[in-house]
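S.K.:
Protein chains: 2
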Amino acid sequence: MIRAIEWIGETEGYLQLLDQTRLPNDIVRLSCREVVEVFEAIKVLRVRGAPAIGVAAAYGLVLSIQRVDGSRRACEQLVKAADLLKGARPTAVNLAWAVERLKAFAGARISLPVAEFQRAVLAEARKIDHENAAMCKAIGQHGVGLIAQGMGVLTHCNAGALATSEYGMALAPLYLARESGVDFAVYVDETRPLLQGARLTAWELSQQGINVVLICDSMAAQVMKEGRVQLVIVGADRIAANGDTANKIGTYGVALLAKAHGIPFYVAAPSSTFDLSLANGTAIPIEYRGDQEITEGLGKRTAPEGIKVYNPAFDVTPAALISGIITENGILKPSELQK
Amino acid sequence: MIRAIEWIGETEGYLQLLDQTRLPNDIVRLSCREVVEVFEAIKVLRVRGAPAIGVAAAYGLVLSIQRVDGSRRACEQLVKAADLLKGARPTAVNLAWAVERLKAFAGARISLPVAEFQRAVLAEARKIDHENAAMCKAIGQHGVGLIAQGMGVLTHCNAGALATSEYGMALAPLYLARESGVDFAVYVDETRPLLQGARLTAWELSQQGINVVLICDSMAAQVMKEGRVQLVIVGADRIAANGDTANKIGTYGVALLAKAHGIPFYVAAPSSTFDLSLANGTAIPIEYRGDQEITEGLGKRTAPEGIKVYNPAFDVTPAALISGIITENGILKPSELQK
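Same order as they appear, the protein sequences are chains A and C. With this note's numbering as the guide, the letters of the first sequence map in order to residues 0 to 338. With this note's numbering as the guide, the letters of the second sequence map in order to residues 0 to 338.
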């Protein structure tokens, strides 16, 4: 299984990231040795996917406490780094969650000798990483029963191995189904503007021998109408207490189209994606990104100079359109999140 | 108003086309002096839009009868050219319609001296062109009442001046509303894979001073949910007797999204787009286009090598999703086409 994020070495190590902006044409691994490099990598989507940026940020905090004299000073550096990293992407809750967890962990160990402090923080970052991988596998195990022989599954964006520590979220049930010999096709929305479906999902699924059919986002309705799709699975960036789910822009449209065609629509996400402090989706902050992702995102200018652009990076799918949320603890109805 | 197609000169003239594959970055006008150049221009979408390719094909037939000895020989050339041109794009009915009309017209004038025959065929091609411009204006006049001050209108693909002889189909009501001082915003779907919305519609609307907001196709549901859109108008490539409408891929999805948000969905098309020989949309032939439009359509490769692609160029919107069809004769309900 592909690893998008890896800590290399021990406390004096570095973070290695598979640069997802270069896929599928170039397989480039970046070595990040400074927090600001991790910030940049998250900001410009070299590493992306809610769980993956949480894990990358945790290792980023480990970088912030290297070559520092004394645990108190190290902890101050870590807090500064935490503030920086949290600002890199506002919508994904896992980023803030991972950073806050490590901050609290470090704060409680400030009296340790610095070498021990560093070792403990690294161990905790690794724990977040391993927990994430285990969660993904559990999501896969709970969701694998949805995948039947000969089925067509549609997915949007990339909630796969590249977005997590391993296996992915939306793609975890597909990987486990494939491992147990089930044959099926996956219709992959290319996912404009940044083409995570075309560049990342199509790539990682085909790397694992899964039958991929790439389509434009505008073709999802048609493949549903033609009876090619029996199931939709997508990931999530944040899920409110009532089950309303923020995910990549276009997800809400896919959910409406699935409903119109009577196709079950599932969200796959670890429970760290739940934000029970938000009653519903209207409170989820939505990130707006730059015009150039749309007008020049593909190597050449594709729109007139000076044109006005609207570029929300996420949308919110109302709980009513969601058949179930596949978590590491089982498949929940959106209404069961608060139990 | 922009002219995408123009006949320059008299019977020994040539066809000038605005190369729409080069917009919006380069404004290049092509001079076609051979039928095969017109065929190529239609095939690779240098000229596109159902009415426009009908007009271009008519002038293409005029090219086929230049420098020919005798009307009988000219007519044979014209018939050969007609067969060639009809094969350039299978879905748009106007192409076959224009070509057949000119073929019948020429066939009835085979006894004329060749110079008179050539003049008559050119005059008939010009008549198709002028009728098209007049039809577009009439569509605009019938549809202009749908556009209210402060409204948001969403459109998909390009059914504008570039797709017709003038004013366009879906865009004609917008141009007429703008001419009479109404202010409104137009949300333009970029329209993957070939980006006719981003490259053409955004360009021609902003050339005429209309307030354009460019979005990705995947954002249409979100702008509807946010209450930014009160009306959808799209064009059509072919309309079956029951009102089922073939148009650019993605139109069917937009129609479903409009319905889910209670937004009226109008098709604007001249009656030459009606194909009453087809009982419903299932009989409309759909063109499938090459993989590279999706995987390499934008200047660089955006999907893994060897990936399977599904690329239908059109979809069919069922009549039940269509609020009305704006024609040169007024706004019809889909059920009223056969009257």
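Beta carbons are placed, not taken as given, at the ideal position from N, Cα and C, and that holds for glycine.
Skipping 5 residues on each side, what residues in its chain have a beta carbon closer than 6 Å to that of A:A171?
M.R.: Counted from its first residue, the first sequence places residue 171 of chain A at position 172. Result list for A:A171: C135, I138, G139, in chain order.
S.K.: For C:Q195, return the contacting residues in chain D, with the cut-off set at a CB-CB distance below 7 Å.
M.R.: Of the chains in the structure shown, none is chain D; the protein chains are A and C.
S.K.: Beta carbons nearer than 7 Å to chain C: which residues of the segment 295 to 317 of chain A have them?
M.R.: So the close ones are L297, G298, K299, R300, T301, A302, P303, I306, K307, V308, Y309, P311, D314.
S.K.: I want to verify the contact list: residues of chain A whose CB lies under 9 Å from the CB of C:R198, in sequence order.
M.R.: Within the second sequence, numbered from 1, the residue matching residue 198 of chain C stands at position 199. Simply T301, A302, P303.
S.K.: Do we get a CB-CB distance below 7 Å when we pair A:W96 with the residues of chain C?
M.R.: Reading the first sequence from its first residue, position 97 is the one you call residue 96 of chain A. By this cut-off, A:W96 is not an interface position.
S.K.: Which residue's Cα is closest to the Cα of C:I146: C:N131, C:G159, C:F183, C:S164?
M.R.: Sequence index remark: in the second sequence, residue 146 of chain C carries index 147 (1-based). Answer by Cα proximity: C:F183.
S.K.: Please confirm if the segment 241 to 250 of chain A is in contact with the segment 299 to 318 of chain A, defined as three or more CB-CB distances below 8 Å between the two stretches.
M.R.: Contact between the segment 241 to 250 of chain A and the segment 299 to 318 of chain A is present, because at least three Cβ pairs lie under 8 Å.
S.K.: Does the count of Cβ pairs from the segment 269 to 281 of chain A and the segment 298 to 310 of chain A closer than 8 Å reach three?
M.R.: Contact between the segment 269 to 281 of chain A and the segment 298 to 310 of chain A is absent, because fewer than three Cβ pairs lie under 8 Å.
S.K.: State whether the segment 28 to 41 of chain C contacts the segment 60 to 76 of chain C, with contact taken as three or more CB pairs (one from each stretch) at a distance under 8 Å.
M.R.: Output reads yes: the segment 60 to 76 of chain C touches the segment 28 to 41 of chain C.
S.K.: Could you name the residues of the same chain whose beta carbon sits closer than 6 Å to that of A:D18, not counting the 5 residues immediately before and after it, in chain order?
M.R.: Reading the first sequence from its first residue, position 19 is the one you call residue 18 of chain A. The answer, listed in chain order, is V27, L29, R45.
S.K.: Give every residue of the same chain whose Cβ lies closer than 8 Å to the Cβ of C:G69, excluding the five residues on either side of it in the sequence, and list them in chain order.
M.R.: Looking up residue 69 of chain C in the second sequence gives position 70. Excluding positions up to five away in sequence, the list reads V113.
S.K.: If you scan the segment 217 to 305 of chain A from start to end, which runs of the beta strand (DSSP E) of 3 or more residues do you find wholly inside it?
M.R.: Those beta strand (DSSP E) runs which fall completely within the segment 217 to 305 of chain A and span 3+ residues are 230 to 233, 237 to 239, 244 to 247, 264 to 267.
S.K.: Could you tell me if C:E335 is buried or exposed, where buried requires 16 or more neighbouring beta carbons within 10 angstroms of its beta carbon?
M.R.: As a first step, residue 335 of chain C must be located in the second sequence, where it is residue number 336. Per the 10 Å Cβ criterion, exposed.
S.K.: What residue ranges within the segment 82 to 164 of chain C form continuous beta strand (DSSP E) runs of no fewer than 3 residues, ordered along the chain?
M.R.: The qualifying runs are 151 to 154.
S.K.: Output yes if chain A places a C-beta closer than 7 Å to the C-beta of C:R28; else output no.
M.R.: Your numbering for residue 28 of chain C matches position 29 in the second sequence. Closer than 7 Å: no.
S.K.: Just to confirm my understanding: we take C:F104, look at its own chain, exclude 5 residues before and 5 after, and list those with CB closer than 6 Å. What are they?
M.R.: One-based indexing of the second sequence puts residue 104 of chain C at position 105. Cβ neighbours of C:F104 beyond the five flanking positions: E123.
S.K.: 7 Å is my cut-off, CB to CB: does A:M150 come that close to chain C?
M.R.: As a first step, residue 150 of chain A is located in the first sequence; it is residue number 151 there, counting from the start. With 7 Å as the cut-off, A:M150 does not count as an interface residue toward chain C.
S.K.: In the DSSP assignment, the alpha helix (DSSP H) including C:G59 goes from what residue to what residue?
M.R.: Translated into the one-based positions of the second sequence, residue 59 of chain C becomes position 60. Where C:G59 is concerned, the enclosing alpha helix (DSSP H) stretches over 49 to 63.
S.K.: Taking the alpha-carbon of A:R47 as reference, which of A:V92, A:Q207, A:A107 has the nearest alpha-carbon?
M.R.: Stepping through the first sequence from its first residue, residue 47 of chain A is reached at position 48. The option with the nearest alpha carbon to A:R47 is A:V92.
S.K.: With three or more C-beta pairs closer than 8 Å as the rule, is the segment 280 to 300 of chain C touching the segment 232 to 246 of chain C?
M.R.: The segment 232 to 246 of chain C, when compared against the segment 280 to 300 of chain C, does touch it at the 8 Å Cβ threshold.
S.K.: Please list the partners that A:Q221 has in chain C, where partner means a Cβ-to-Cβ separation under 7 Å.
M.R.: To locate residue 221 of chain A, count along the first sequence from 1; it is residue 222. Per Cβ cutoff of 7 Å: I248, Y251, P311, D314.
S.K.: Anyone know if the C-beta pair for A:V185 and A:D128 falls short of 7 Å?
M.R.: Here residue 185 of chain A refers to the residue found at position 186 when the first sequence is read from its first residue. Here residue 128 of chain A refers to the residue found at position 129 when the first sequence is read from its first residue. Contact flag unset, no.
S.K.: Taking 7 Å as the CB-CB cut-off, is C:C156 touching chain A?
M.R.: The residue given as residue 156 of chain C occupies position 157 in the second sequence. No, its Cβ sits nowhere closer than 7 Å to a Cβ of chain A.
S.K.: Between A:I325, A:M0, A:E75, which has its C-alpha nearest A:V233's C-alpha?
M.R.: Within the first sequence, the letter at position 234 stands for residue 233 of chain A. Checked all of A:I325, A:M0, A:E75; the closest Cα to A:V233 is A:I325.
S.K.: Straight-line CA distance for A:A267 to A:K85?
M.R.: Translated into positions along the first sequence, residue 267 of chain A becomes position 268. Translated into positions along the first sequence, residue 85 of chain A becomes position 86. Roughly 23 Å separates the two Cα atoms.
S.K.: Is the beta carbon of A:A51 closer than 7 Å to that of A:A197?
M.R.: As a working note, residue 197 of chain A is residue 198 in the first sequence. As a working note, residue 51 of chain A is residue 52 in the first sequence. No. Outside cutoff.
S.K.: Please state if the CB of C:V61 and the CB of C:V120 are separated by a distance shorter than 7 Å.
M.R.: Against the second sequence, residue 120 of chain C aligns to sequence position 121. Against the second sequence, residue 61 of chain C aligns to sequence position 62. Yes.
S.K.: Does DSSP classify C:C31 as helix, strand or coil?
M.R.: Residue mapping note: residue 31 of chain C aligns to position 32 of the second sequence, counting from 1. Three-state DSSP puts C:C31 in a strand.
S.K.: Which of helix, strand or coil does DSSP assign to C:F38?
M.R.: Looking up residue 38 of chain C in the second sequence gives position 39. C:F38 falls in the helix class under three-state DSSP.
S.K.: If you draw a straight line from the alpha carbon of A:D82 to that of A:G149, how long is it in whole angstroms?
M.R.: Looking up residue 82 of chain A in the first sequence gives position 83. Looking up residue 149 of chain A in the first sequence gives position 150. Rounded to whole angstroms, A:D82 to A:G149 spans 48 Å at the Cα level.
S.K.: Sort out for me which residues DSSP pairs C:Y186 with in a bridge.
M.R.: Along the second sequence, one-based indexing puts residue 186 of chain C at 187. Bridge partners of C:Y186: C:L153, C:V212.
S.K.: Would you mind telling me which residues of chain C sit closer than 9 Å to A:N93, beta carbon to beta carbon, in chain order?
M.R.: By one-based count along the first sequence, residue 93 of chain A stands at place 94. What A:N93 touches in chain C: nothing, since even the nearest Cβ is about 22 Å away.
S.K.: Assign A:E75 to one of three DSSP states: helix, strand, or coil.
M.R.: Walking along the first sequence from the start, residue 75 of chain A turns up at place 76. Helix at A:E75.
S.K.: In or out: C:N328 buried (at least 16 other Cβ within 10 Å) or exposed?
M.R.: As a position in the second sequence, residue 328 of chain C is number 329, starting the count at 1. Exposed.
S.K.: Given that a residue counts as buried once 16 or more other Cβ atoms are within 10 Å of its Cβ, and exposed if not, what is A:D216?
M.R.: As a position in the first sequence, residue 216 of chain A is number 217, starting the count at 1. That one is buried.
S.K.: Can you pull the chain A residues whose beta carbon is under 7 Å from the beta carbon of C:S205, in chain order?
M.R.: Walking along the second sequence from the start, residue 205 of chain C turns up at place 206. Simply P303, I306.
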